[in-house]
Structures are given as C-alpha cells and as structure tokens.
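Here the numbering used here is used: position 478 in the sequence shown is 499, and no number is missing along the way. Built from N, CA and C at the ideal position, the CB exists for glycine as well. Okay, structure first, notes after.
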Amino acid sequence: MATSNGSSSTVSGIDDSSTIGGGVRDVYGEDRATEDQFVTPWSVSVASGYTLLRDPHFNKGLAFTETERDAHYLRGLLPPTVISQETQERNERLFYKLLIDHVEELLPVVYTPTVGEACQKYGSIFMHPQGLFISLKEKGKILQVLRNWPEKNIQVIVVTDGERILGLGDLGCQCLPITIDVGTNNEKLLNDELYIGLKHKRVTGKEYAELVDEFMIACKQNYGEKLLIQFEDFANHNAFDLLEKYRTTHLVFNDDIQGTASVVLAGLVSALKLVGGSLDQHRFLFLGAGEAGTGIAELIALEISRQGLIVSSRKESLQHFKKPWAHDHEPVTELVDAVNVRSLAPILSLTHHSCTSHLEQKQIKPTVLIGTSGQGRTFTQEVIKAMASINEKPIILSLSNPTSQSECTAEEAYTWTEGRAIFASGSPFAPVEYDGKVFVPGQSNNAYIFPGFGLGLIMSGTIRVHDDLLLAASEALASQVTQEDYDRGLIYPPFTSIRKISAHIAAKVANKAYELGEP
22 MATSNGSSST VSGIDDSSTI GGGVRDVYGE DRATEDQFVT PWSVSVASGY TLLRDPHFNK
82 GLAFTETERD AHYLRGLLPP TVISQETQER NERLFYKLLI DHVEELLPVV YTPTVGEACQ
142 KYGSIFMHPQ GLFISLKEKG KILQVLRNWP EKNIQVIVVT DGERILGLGD LGCQCLPITI
202 DVGTNNEKLL NDELYIGLKH KRVTGKEYAE LVDEFMIACK QNYGEKLLIQ FEDFANHNAF
262 DLLEKYRTTH LVFNDDIQGT ASVVLAGLVS ALKLVGGSLD QHRFLFLGAG EAGTGIAELI
322 ALEISRQGLI VSSRKESLQH FKKPWAHDHE PVTELVDAVN VRSLAPILSL THHSCTSHLE
382 QKQIKPTVLI GTSGQGRTFT QEVIKAMASI NEKPIILSLS NPTSQSECTA EEAYTWTEGR
442 AIFASGSPFA PVEYDGKVFV PGQSNNAYIF PGFGLGLIMS GTIRVHDDLL LAASEALASQ
502 VTQEDYDRGL IYPPFTSIRK ISAHIAAKVA NKAYELGEP
C-alpha cells in the first residue's frame, strides 16, 4: 500500500529507483505493470495524469516521453511534441478575481488584440497545458483522452483545429482548451523548432472527417446529450459543413458564424435608436463573405426576410454558403464603386401571407457598411466619405480582428464623416476627440454573447440550438443599451456590466427555449 510519512510514497515489493529516460521515478510501478500484476493509479495515492502535471516536483511538461505519457496517463493532456521546457505554476483564482474586478481594462489583454499575438507565439511562451490536445496520434483513442481530463461534470467544450485564428490564418496547434491537431500548412510553424504541434501538412478529406466524428461521438458518450460544443476558429470550408452536419445531432454553436452574427445584429438594432427607421428600411453592404459576413447576413435576413449583397454573376464560383446572398450586378473591383453604384437588384415585396420578388433598377446606397474581410485599412477615406455623402449618420462596422486587420480605425471613421458616423469595431479603440466632442467607439465583441448564450442553453436543458435563440440573445443585448450610452454614441453597453448582461441574455435565451418547447 502507499504510505504518506513526509517521504515519497512507494508500492510494496516494487523497486522505485528506476526511471524512464531520466524522467519521473517509477514510484508506483506503472512502467513495469503486467497483465498478471498491474497497478491501477486511482487505487493508490498516485501522482499521474492531470495531478502529475500540476505537481511542481515531478512535472516535466513537454519533456515527458511517449512511453511516460502512456504510463502516467498523460495522453491528450499535453501537445504531441516532446521537447525540453521548464514549467511554472500560476494562481488561477487570483487571475479570475482580477479579471472580474477590472474586466473592461483587462479585456484587450486577455482578448483581442493581445490574444492574436499570444496565439502566434504560443509555442515559445508555452508553460504548462491548460486543456486537451487531440491529434492524429490519438485517433481511435479519443474517448480515453477525454477520460484523462480530471473534471467529470463538463457542460461546455470549446474546440478548434486552429486553421483560421482571428484574421491571422493557420496557427495549427496553438489554441486551447481543446485543440484538434491535424497538422498545419503554416511553413513558418513547420520550420519552428519550438512549435508544439504535429509538424506536417494539414490532413483533409476522409481522415479529417473521421477524426472530428470520433471526437463528436466521444464527447456525447462521455459527457451526455446536453453538452454544449462551441466550434471556434475553423476555416470556412470546414466551419459551415461541421455546423450543418452536427446541428441536428449535437448541441453545437459556432461562435464565428452565429456568435458574431448575434452581436452585430444587436448593434444594428441599437443603432436604429440613433439613425431611425427599421431594419427593413436599411441597406447592408458587406466587405468579406466568409463565416462572419454570411452569418450576419443570415441572421439579419431572419429578422427582415431580405438578402445581403454578393454579386450573383459570381454564383458559379461562390462557396455554397454565400449563394443565398447574391444579387444581380456586374462585378465591381473597388469598394467605393459598390457604395455608389446603380444596380439591377431583386427587391423583396413583403405581405402578410407571402414574399415575392421583382427586379428594379435602383441605386444601392448602403446605409450600413460591414467589414469582415480580415483586410486592414480597406475602408479608405474615399469609401467612408462616400458613405457620409449619402447618409446623415452612416453606420460603419469595422469588425475584423486583430487591430492590425481592422478595416479602419475609430479616428478615421469619425474624422472622415465629420463626427457623424455610428461606429463599432471588432478590436478596441480609444475615445476620439473631434471638433471639441469626445466620441467613444463601441466594440462589437463576441464576448457579449457567448457566455450568456451558453449559460442560457445549459439552464434550459435544451439539446439543440434553434435560430430563434440567437435572435433572443441579440434582442436581450440590445435592450441593455441605456440612453446615457446612446448619448455617448455607443450602440453596445459598457463591458464593465458584462456579468449582469450575460445573466440577462441567459434568462432570455432559456425563456425562448421553453417557449419553443426545446428540447
């Protein structure tokens, strides 16, 4: 039996002096266990698995060998690469207390824009793992990997394959808390000796689909039907397919598609208080038609039964998720031309019982310009001035992250519109003074939505995400903007109230789930 007398624990009859590769001493005999005489780590006081990684005396981090990872139940708890690297413990309770008390101040540090740089440098700053790493090496063993995680009452999983992190592209195995590592196409990472993921090109097709499917099945098997799985930062070609495939069998939510759409719709609803009219009286011009752009267009369409603005003459070359939003128009190469152009556009005629379509020669004249392109400074002075020339209060949403990829800055938006713009961005910008007035730019941040949305799903016990729940989240967020916020030009409430806001969103989402009869 194991003993505890101030010295290292031992197992009777086992020589504990041997080691594997100079690593942790084989105190409990796992490395020499046989079919006839085996040691079950949970039957004695064993430093193994998650506990071992939190033990400053024995934790070697990424230096554990392949054999040691099997022997000490570390599979999936570490990235697949074996390298020498020091680790250090951190005080998580203090971290979260500090974050709660100073959330608005610290958000740019723990979220965009700093998180982008942290992801890019993750391998070089890696200290100790705080999540699961599921690579191709674990294929066929994913259920066991999930069981290696010490917490059993798991309600939410956030998973990524690292292929499209913010606007930074393929960052491979550099994201948490669950990373599905199928390789990377980033040559810089493949040649980086500190890169912690699989050093080969990304696997696609059948092998990729089988790994993800095994993961999804294992999650439900291990944690149950009500587990929420949030897809994060998958590339376009996988994001839409995975959401479509699993939305009828699992409780899944894609933050890039659905979360972004919900927070932007909330901002648009709020902006109506400043510009007047209803959503169906506005025209929306998108720069960028990936996950965020098409997700936003779809949620707006659910509210007003109208389409977005992708040129339908490109339909043959469009990805399937972009085609519903295509309009008849000759292709244009300059954004400013899209703002000013005349179009043979389909106009939706709405009645109480039906929706019909006819063609009408008209000028687009967008009232809302939405950037989700991931291309920095594409909202040029000419573009923004064109918006200002046709709108008293142009709504300009520069949503791409991180800050370097933002379509324009807050200062540019306010200056080039002479202080008339209703502006919000994906990354934070400081207040801007123009003509003696201080403008406070809002941040269209998904963090407004996904905490409360996830909590609402869990509270309600629903097992599927219905589009009406996203609309409920948008309406709940918009309702939190006060007159004082509007007076400052804000279309989102201050982030200092995020816990109250999240609770309000959760209640509205749960209530809507009950109304819908979900599950």
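Just the Cα atoms here: how many angstroms apart are residue 448 and residue 321? Answer to the nearest angstrom: the Cα atoms are 22 angstroms apart.
For residue 537, name the three-state secondary structure that DSSP assigns. Here residue 537 sits in helix by DSSP.
By a C-beta neighbour count over all protein chains shown, 10 Å radius and 16 as the cutoff for buried, is residue 116 buried or exposed? exposed
Using the C-alpha atoms, what's the distance from residue 267 back to residue 257? 16 angstroms
Strictly by DSSP, which residues pair up with residue 445? Answer is 418, 463.
Apply the 10 Å Cβ neighbour rule to residue 408 and answer buried if 16 or more other Cβ atoms are within range, or exposed otherwise. buried
Would you mind reading off the limits of the alpha helix (DSSP H) that contains residue 316? 312-325
For the 8 angstroms Cβ check, are there 3 or more pairs between the stretch 466-482 and the stretch 154-172? no
Beta-ladder partner(s) of residue 458, from DSSP: 455
Return the first residue and the last residue of the alpha helix (DSSP H) that residue 144 is part of. 143-146 is the extent of the alpha helix (DSSP H) around residue 144.
Within a Cβ cutoff of 7 angstroms, which residues of the same chain sit near residue 520, ignoring the five residues on either side of it in sequence? none
Nearest residue (CA-CA) to residue 222, options 230, 234, 184, 465: 184
Whole-number beta carbon distance between residue 226 and residue 202, since they are thought to touch under 8 angstroms: Their Cβ separation, rounded to whole angstroms, is 17 angstroms, which puts residue 202 and residue 226 out of contact at 8 angstroms.
Backbone CA spacing between residue 161 and residue 231 [nearest angstrom]: 10 angstroms
With DSSP collapsed to three states, give me the class of residue 296. helix
Close beta carbons around residue 109, own chain, < 6 angstroms, minus the five adjacent residues each side: Confidence is the limiting factor: at residue 109 the pLDDT is only 37, short of 50, which leaves the residue's position unreliable and the question unanswerable from this model.
Hey, which unbroken runs of the alpha helix (DSSP H) at 4 residues or more fall wholly within the stretch 200-228? 208-211
Residue 387 to residue 104, Cα distance in whole Å? 54 angstroms
Burial state of residue 245, where buried means 16 or more other Cβ atoms lie within 10 Å: Classification of residue 245: exposed, given that the 10 Å Cβ count is below 16.
Report yes or no: do three or more beta-carbon pairs, one from the stretch 303-317 and one from the stretch 503-517, lie closer than 8 angstroms? no
Between residue 537 and residue 489, how many whole angstroms is the CB-CB distance? I'm expecting something under 8 angstroms. Contact between residue 537 and residue 489 is confirmed by a C-beta separation of about 6 angstroms, below the 8 angstroms threshold.
First through last residue of the alpha helix (DSSP H) which encompasses residue 450: Element bounds for residue 450: n/a, residue is neither H nor E.
Measuring straight from C-alpha to C-alpha, what distance separates residue 410 and residue 404? If I take the Cα positions, the gap works out to 10 angstroms.
Own chain, CB closer than 7 angstroms to residue 64, minus 5 neighbours either side, in chain order: Summary for residue 64: the model assigns pLDDT 40, below 50, so the residue's position carries little reliability; its value from the coordinates is reported in the next sentence. There are no such residues.
Sub-7 angstroms separation of residue 180 and residue 96 beta-carbons: no
Looking at the strands, I want to know which residues DSSP matches up with residue 251. Paired residues: 179, 274.
For residue 389, report the span of its beta strand (DSSP E) as first-last. Run containing residue 389: 389-392, per the beta strand (DSSP E) assignment.
Please confirm if the stretch 439-458 is in contact with the stretch 411-430, defined as three or more CB-CB distances below 8 angstroms between the two stretches. With the cut-off at 8 angstroms, the stretch 439-458 and the stretch 411-430 touch.
Since residue 393 contacts residue 309 with CB under 8 angstroms, what's their CB separation in whole angstroms? 4 angstroms
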